[in-house]
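Since the structure comes first, as structure tokens, the remarks are kept for the end.
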Amino acid sequence: MESSQEVAMRIGEVAAKAGVSVRALRYYEQQDLLQSSRNPGGQRRYPNDAVERVRLLRQLYSMGLTSRTIRKVLPFADSGGASPELLELLAAERDRLDRQLTDLRDERRRLHDCLTEARHHDGTGSSS
């Protein structure tokens, strides 16, 4: 019976099972988030647990985490522990996202003000 770390799947298999593109897998490798080995022909081979790792990566990206932060989170995910360091890291990311939301609201307000002013000078007063 194969262990979860035994190298068994090709890049296309992992991509299909995980629901991502081959390009995404290559990107994850470039970011040191996913590892593969190469067969003698140079083809990537992934361990059987690669599909679950890719699903985890997608979940972490969907939370707005950067590749750099995900690299920091992965050891905690691998150990299964919610250490104080992990909680602090995630809280910092939440705070970063809150700041981004505030900045986006400010940018939207400025754009709205600009549109209002432009419409006023246009003379149409149109809201479209």
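Numbering of the sequence shown is given in the numbering used here, commencing with residue 225 and proceeding in unit increments. Cβ coordinates follow ideal geometry from the N, Cα and C atoms, glycine included. What you are looking at is a predicted structure, and each value in this text was computed from that prediction instead of being measured.
Residue closest to residue i, alpha-carbon to alpha-carbon, out of the options
i	options	result
residue 318	284, 260, 253, 265	284
residue 279	335, 315, 257, 325	257
residue 233	281, 273, 266	273
residue 298	281, 311, 308	281
residue 248	265, 277, 264	277
residue 246	336, 286, 269, 325	269
Three-state class that DSSP yields for residue i in the structure shown
i	result
residue 261	strand
residue 242	helix
residue 306	coil
Buried versus exposed, by CB contacts within 10 Å (16 or more), residue i
i	result
residue 271	buried
residue 239	buried
residue 329	exposed
Contact set for residue i: own chain, Cβ-Cβ below 6 Å, skip 5 residues either direction
i	result
residue 291	255
Inter-residue CB distance, residue i and residue j (contact presumed, cutoff 8 Å)
i	j	result
residue 314	residue 288	Residue 314 to residue 288, Cβ: 11 Å. No contact.
residue 242	residue 275	5 Å
residue 260	residue 253	6 Å
Contact set for residue i: own chain, Cβ-Cβ below 8 Å, skip 5 residues either direction
i	result
residue 267	234, 235
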